Each structure stands twice: as C-alpha cells, then as structure tokens.
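Taking it in order: structure first as structure tokens, then the write-up.
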Amino acid sequence: SDLIELWNNNNNFFAATWISNGNGGFSLGSNTEVGDFRDDTDYLVADVNGDGDSDLIEVWNDNNNFFAATWISNGSGGFSLGSNTQVGDFRNDTDYLVTDLNGDNQSDLVELWNNNNNFFATSWLSI
154 SDLIELWNNN NNFFAATWIS NGNGGFSLGS NTEVGDFRDD TDYLVADVNG DGDSDLIEVW
214 NDNNNFFAAT WISNGSGGFS LGSNTQVGDF RNDTDYLVTD LNGDNQSDLV ELWNNNNNFF
274 ATSWLSI
C-alpha cells in the first residue's frame, strides 16, 4: 500500500503521495496543492470515478453548510479537483464513511451523527 500525507503549508492544504517499493520503503510520487486549509475538514480515500485509483473526498464546514469536494487521482500520485458541492447542513460531532450503498460500484458518502442521544445517518449516492 502507498501512503497519502496531508498537511497545512501557510494555509494551503497539500497532499503528498509516497509510493511503496514493496520492501517497506517509500519514495515520493507527487506533491499536490489541494485547496485552502480549513479547520473543520476531513479527508476520505475512495475510488470515486471507478478507474481503480485512490481519490480523495474532502468534507468541510463553511458557515454551517456541509460541502464535499472530490480530488481525482492522476494515477501517478497527483490530484486534480473533480467536483465541489454543497451537500447539506453542517452538524457537530459528525463522522463520515465511504461505501457502495446501492451496488453500482461507485463510492457513496454516509454522514453519521448524534442528536440528543439519537443516532442519525444521511447518505449521498454518487452520480
């Protein structure tokens, strides 16, 4: 397995890929700026376009609105912005999962949260 390193560099967010050599070592594949740094941001790894490469899904809070962006892998360790969409209202204490909910071999997004000791889930299907 390869590694994806994410970090804040002067309020710009970067993703570096480290390619496994198969013997426990890694070499730098690519270093890509993937947008502005935000405090309330999570990153998920999934193949969002079905090409077999690991892409990134960025989810964040923007003025209590929940946004998701996809960063599509170029297959050589770099990423480019695929989409950027507001997908609902932001909630605190939220976890996100990526799974194929409807068997179409596409990565869907699930939001899980607690509200007054009740468990809720919202899902968004990939189109």
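In this text, residue positions in the sequence shown follow the working numbering: the first is 154, and each later residue adds one. C-beta atoms are modelled at their ideal positions from N, C-alpha and C, and glycine is treated no differently. Predicted, not measured: the structure shown is a model, and the values here were computed from it.
For the beta strand (DSSP E) that contains I210, what are its first and last residues? It spans D208 to D215 - the beta strand (DSSP E) in which I210 sits, taken as one unbroken run.
Look up G241 in the DSSP assignment and say whether it is helix, strand or coil. Correct three-state label for G241: strand.
Secondary structure at D253, three-state DSSP: helix, strand or coil? Reduced to three states, the DSSP call for D253 is coil.
Scan the stretch 173–211 and note each continuous beta strand (DSSP E) run of 3 residues or more that stays entirely inside, going in chain order. For the stretch 173–211, whole beta strand (DSSP E) runs of length 3 or above, ordered along the chain, are 179–189 and 194–199.
Give the straight-line distance between the Cα atoms of T247 and I172, rounded to the nearest whole angstrom. The straight-line gap separating the alpha-carbon atoms of T247 and I172 is approximately 31 angstroms.
Should T238 be labelled buried (16 or more other beta-carbon atoms within 10 Å of its own) or exposed? Exposed.
According to DSSP, is S287 part of a helix, a strand, or is it coil? Any answer about residue 287 is impossible in this case: the structure gives the chain only from 154 up to 280.
Quick one: what's S233 bridged to in DSSP? BP columns for S233 point to I225.
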